[in-house]
Amino acid sequence: MERVALGRPSGTRDAVPAPESAARLLVVRTVAVAAVLATAGYLTWRLLATLPEGAALWLGVPFLALELYGGLALVLFVMTTWDVAPATVPAPRPGPPPSVTVLVATYNEHLDVLLPTVAACLAMEGEHETWVLDDGDRLEVEEMVTALGARYVTRAEHDHAKAGNLNHALALVRTDLVAVFDADHVPDPDFLTRTLPYFADDRLALVQTPQHFYNTSSFEHLREGADLHEESLFYRVIQAGKHHAGAAFWCGTNAVLRAEALREIGGVATESLTEDFHTTMKLHRAGWRSVYHNEVLARGLAAGSPDAFYAQRRRWGRGAMQVLRHDNPLTATGLTPRQRLGYLYSLSAWFDSWRTLGLALVPVSVLVTGVFPVDAPPALFAVMAGVPFLLQQVALGLLSRGFAPARFSLLFEVVRLPSNLAATLSLVLRGTGRFAVTAKGRTGEERTRARVPALLLALAAVLVGSLLFTAASLAGWTPVEHGLGGTTLVPVFWVATTLGFVVAGIRRIRDPRFSAERRDGHRFPAALSAVVEGAPARLVDVSLGGAQVRVRGVGAAVGAEVELAIRVPDRAAHVVFRTVVRSRSGDVHRLQFVGRQWRELAALSATAFGAGAARWAAVEITPVAVEAPVAPGRRVPAASLHPDAVSAAVRSPFVAPAARRPGDDDTRPIPRLTPELERALAGADGGGSGR
Numbered sequence: 000m001e002r003v004a005l006g007r008p009s010g011t012r013d014a015v016p017a018p019e020s021a022a023r024l025l026v027v028r029t030v031a032v033a034a035v036l037a038t039a040g041y042l043t044w045r046l047l048a049t050l051p052e053g054a055a056l057w058l059g060v061p062f063l064a065l066e067l068y069g070g071l072a073l074v075l076f077v078m079t080t081w082d083v084a085p086a087t088v089p090a091p092r093p094g095p096p097p098s099v100t101v102l103v104a105t106y107n108e109h110l111d112v113l114l115p116t117v118a119a120c121l122a123m124e125g126e127h128e129t130w131v132l133d134d135g136d137r138l139e140v141e142e143m144v145t146a147l148g149a150r151y152v153t154r155a156e157h158d159h160a161k162a163g164n165l166n167h168a169l170a171l172v173r174t175d176l177v178a179v180f181d182a183d184h185v186p187d188p189d190f191l192t193r194t195l196p197y198f199a200d201d202r203l204a205l206v207q208t209p210q211h212f213y214n215t216s217s218f219e220h221l222r223e224g225a226d227l228h229e230e231s232l233f234y235r236v237i238q239a240g241k242h243h244a245g246a247a248f249w250c251g252t253n254a255v256l257r258a259e260a261l262r263e264i265g266g267v268a269t270e271s272l273t274e275d276f277h278t279t280m281k282l283h284r285a286g287w288r289s290v291y292h293n294e295v296l297a298r299g300l301a302a303g304s305p306d307a308f309y310a311q312r313r314r315w316g317r318g319a320m321q322v323l324r325h326d327n328p329l330t331a332t333g334l335t336p337r338q339r340l341g342y343l344y345s346l347s348a349w350f351d352s353w354r355t356l357g358l359a360l361v362p363v364s365v366l367v368t369g370v371f372p373v374d375a376p377p378a379l380f381a382v383m384a385g386v387p388f389l390l391q392q393v394a395l396g397l398l399s400r401g402f403a404p405a406r407f408s409l410l411f412e413v414v415r416l417p418s419n420l421a422a423t424l425s426l427v428l429r430g431t432g433r434f435a436v437t438a439k440g441r442t443g444e445e446r447t448r449a450r451v452p453a454l455l456l457a458l459a460a461v462l463v464g465s466l467l468f469t470a471a472s473l474a475g476w477t478p479v480e481h482g483l484g485g486t487t488l489v490p491v492f493w494v495a496t497t498l499g500f501v502v503a504g505i506r507r508i509r510d511p512r513f514s515a516e517r518r519d520g521h522r523f524p525a526a527l528s529a530v531v532e533g534a535p536a537r538l539v540d541v542s543l544g545g546a547q548v549r550v551r552g553v554g555a556a557v558g559a560e561v562e563l564a565i566r567v568p569d570r571a572a573h574v575v576f577r578t579v580v581r582s583r584s585g586d587v588h589r590l591q592f593v594g595r596q597w598r599e600l601a602a603l604s605a606t607a608f609g610a611g612a613a614r615w616a617a618v619e620i621t622p623v624a625v626e627a628p629v630a631p632g633r634r635v636p637a638a639s640l641h642p643d644a645v646s647a648a649v650r651s652p653f654v655a656p657a658a659r660r661p662g663d664d665d666t667r668p669i670p671r672l673t674p675e676l677e678r679a680l681a682g683a684d685g686g687g688s689g690r
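Position one of the sequence shown corresponds to residue 0 (numbering that gives the first Met the number 0), numbered consecutively onward.
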């Protein structure tokens, strides 16, 4: 039996979480309440009995302020995650289902990234139209989109970035709902059938689903191959809790929105860089409701490198600050009290980095100046602070429902410092910021390690310097007197622990795994039978840009143009590609697909990304010879996208242009899979891979 490694990450974590038992809920909530009460008792003690006098106030007051902020953050987190039960689907209403237009917004994403999304959107179950909104005005995107059977839409004025792109399409859409996907997010076939039932509620404006990622070797993931990533807590727990407060918000992709609701508030918000968050607040203020469907129904590309991660977080943070200026949830009209708290928690979370930085510098100040910020014996302080701290850690672990391992969360608290601090400073610096598209896929030509932000290097130097200064003080070489009591040992342990996380963050940023490589599309490991120019072979990995293949026999020379036939699981036909050998090492050949093989790549995409298999299995994927070149699909003028013009042709069978070798004339077809190749593939199935 053939081992197949192709496909999306799977597991029970992707499904709607099972309702928590009454016993588990009792334990989680009891510990959470205990943590809040213990923290309140500790902070009361700190306020009434431990503030230092005189010169030590300069350190004592900021330290107490940091602790009070932490207590507020704990209360908001407990309130948000108190109830994360799945959303309830309303009873269906008689009548036809709502009509849907699927919108895929793109700007500069590589075709290897965009094609799987377009193919999967076309393959979704249920009646719908698929439009690709290209703000890059790229002819190759127009050709690919038209060949696959979707609609290609551009606009004359490219203002307001993604928000403007969606608003332009919204003015043309005549369906009840719009499903929105980023260019790299590949939906499952049942995305619409799982989300549309909620719209039986006439006042529902939004159904949001989690963002999950198929490039599990990204900078954001816990480790290579792991499902958990830096945003798992937010998408699987916090958003689920916000749903019960009526404050679940649009995250830009993997969502369905009611077109009428968007038009009522003037379209997608353009006043901030986080148009999705701001738009949802406007919808809630207008009395519309949102639902969070906590099931992974689409997968995209996580930030693969530190640079992409930081660019994304800076944009989100600046956008949050813009929302705070324009529509402060504490003063904005139309929100319920629970919605105000929900939005306050989301916006205040960006300031957590100031607390992280402050708590890193407090023990440094103690070691360098000899001033202790608490007017209490160190042993008493350790007990009074230690008990609430331990309860907090247990409560946070339970409330996160396993989606935020403690060390991983602390690591990214440090990693996020540079982007979050810079973003929050924009609140007072009043910079408008520029919409920066997060890099999708790996686009570098060679591996280049990322630069470590100067802030993290400076913080590491300060921490190391404070430890060296303390050692010098113990030796009597400085004016500061240090003994081996708690006022020295506690801050030394604190500094050493913080330094460990800072060093781990720097090492992660510098890790060569997160540098650039040549192919733009994501690589899927594979163990599929193949044939290269009649020789039995086996795939090593594959992307929509090319493949690595282990060829038995002599193989092919670098630069040679060869045919690659891949046996795709659960399909009656094989997929045949024209490729060129870019490099080889022994029997492993690195092949690059050439020509415009859109329908073949769509078939490969359906298997690699685990979506759309039913639709593409019904398509004859062995290329058909044509007598004349097929002209690329014409550009669709915006004015013609009236409902009468947007016909069933969107879902009709398409004709793909013939792929060509470099230098061939336009009429040369790709040959069908021959009986000889069929026999060779059968032989490859019967033999080993040679590994």
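The C-beta atom is built at its ideal place from N, Cα and C for all residues, glycine as well.
| Check | Outcome |
| --- | --- |
| Whole-angstrom C-beta distance between ARG354 and GLY69, which should lie under 8 Å | 6 Å |
| Three-state secondary structure assigned by DSSP to TYR151 | strand |
| Best match in GLY40, PRO417, LEU466, ARG507 for proximity to GLU313 [C-alpha to C-alpha] | Position check: residue 313 holds Arg in this sequence, whereas Glu was assumed. Comparing Cα-Cα distances from ARG313 to each of GLY40, PRO417, LEU466, ARG507, the minimum goes to PRO417. |
| N- and C-terminal bounds of the alpha helix (DSSP H) containing ARG324 | 305-325 |
| Of the residues LEU272, GLY163, GLN207, the one placed nearest ALA239, counting alpha carbons only | GLN207 |
| Element boundaries [beta strand (DSSP E), containing ALA536] | 534-541 |
| The segment 20-34 touching the segment 306-322, judged by at least three CB pairs closer than 8 Å | no |
| With 16 other Cβ atoms within 10 Å as the buried cut-off, status of ALA14 | exposed |
| Candidates SER399, GLY552, VAL541, THR486: closest to VAL83 by CA position | SER399 |
| Validate contact between the segment 409-425 and the segment 299-312 using beta carbons, cut 8 Å, 3 pairs | yes |
| Boundaries of the beta strand (DSSP E) in which PHE180 is found, first to last residue | 176-181 |
| Beta-carbon gap between ASN164 and GLN210 smaller than 7 Å | no |
| Contact between the segment 128-139 and the segment 100-111 (3+ Cβ pairs under 8 Å) | yes |
| Cα-Cα separation between ALA244 and THR487, rounded to whole angstroms | 45 Å |
| Beta-carbon proximity check, LEU58 vs VAL373, cutoff 7 Å | no |
| Top-ranked residue by Cα proximity to LEU563, from ALA556, VAL35, LEU538 | LEU538 |
| Paired residues, beta bridge with ALA564 - DSSP | VAL530, VAL575 |
| Beta-carbon contacts of GLU626 that lie in its chain and below 6 Å, excluding the five residues immediately before and after | Bear in mind that the predicted position of GLU626 carries a pLDDT of just 29, short of 50, making it unreliable; the figure below should be weighed with that in mind. So no residue of the chain qualifies. |
| Whole-angstrom distance between PHE388 and ALA37, CA atom to CA atom | 9 Å |
| Beta-carbon proximity of LEU543 to ASP187, cut-off 7 Å | no |
| Span separating the alpha-carbon of PRO631 from that of VAL144 | Note that PRO631 scores 36 on pLDDT, short of 50, meaning its location in the model is unreliable; the coordinates nonetheless yield the value given after this. Approximately 10 Å between the Cα atoms of the pair. |
| Buried versus exposed, by CB contacts within 10 Å (16 or more), ASP701 | Any answer about residue 701 is impossible in this case: the structure gives the chain only from 0 up to 690. |
| Contained beta strand (DSSP E) runs [length at least 3] in the segment 264-307, N- to C-terminal order | 288-291, 297-299 |
| Cβ-Cβ separation, VAL322 to HIS277 (assumed contact under 8 Å), whole Å | 5 Å |
| Member of GLU480, GLY396, VAL550, LEU356 whose CA lies at the smallest distance from the CA of LEU454 | LEU356 |
| Between the CA atoms of GLY499 and ALA526 - distance to the nearest angstrom | 40 Å |
| One or two residues paired with HIS588 in a DSSP bridge | VAL548, ARG583 |
| Neighbour-count burial assignment, ALA17, 16 or more Cβ in a 10 Å radius | exposed |
| Helix, strand or coil at GLU19 [DSSP, three-state] | coil |
| Same chain only: Cβ atoms within 8 Å of ASP540, ignoring 5 sequence neighbours per side | ARG522, PHE523, PRO524, ALA525, ALA546, GLN547 |
| Span of the beta strand (DSSP E) around ASN92 | Position check: residue 92 holds Arg in this sequence, whereas Asn was assumed. Looking at the DSSP string, ARG92 is not in any beta strand (DSSP E), and its letter there is neither H nor E. |
| Check whether ARG577 and VAL587 have beta carbons under 7 Å apart | no |
| Terminal residues of the beta strand (DSSP E) in which GLU128 lies | 128-133 |
| Residue interval of the alpha helix (DSSP H) (run including THR423) | 416-428 |
| CB contact check: LEU169 to chain E, cutoff 7 Å | Absent from the structure is chain E; it holds one protein chain and no more. |
| Cβ-Cβ distance between VAL501 and ALA529 below 7 Å | no |
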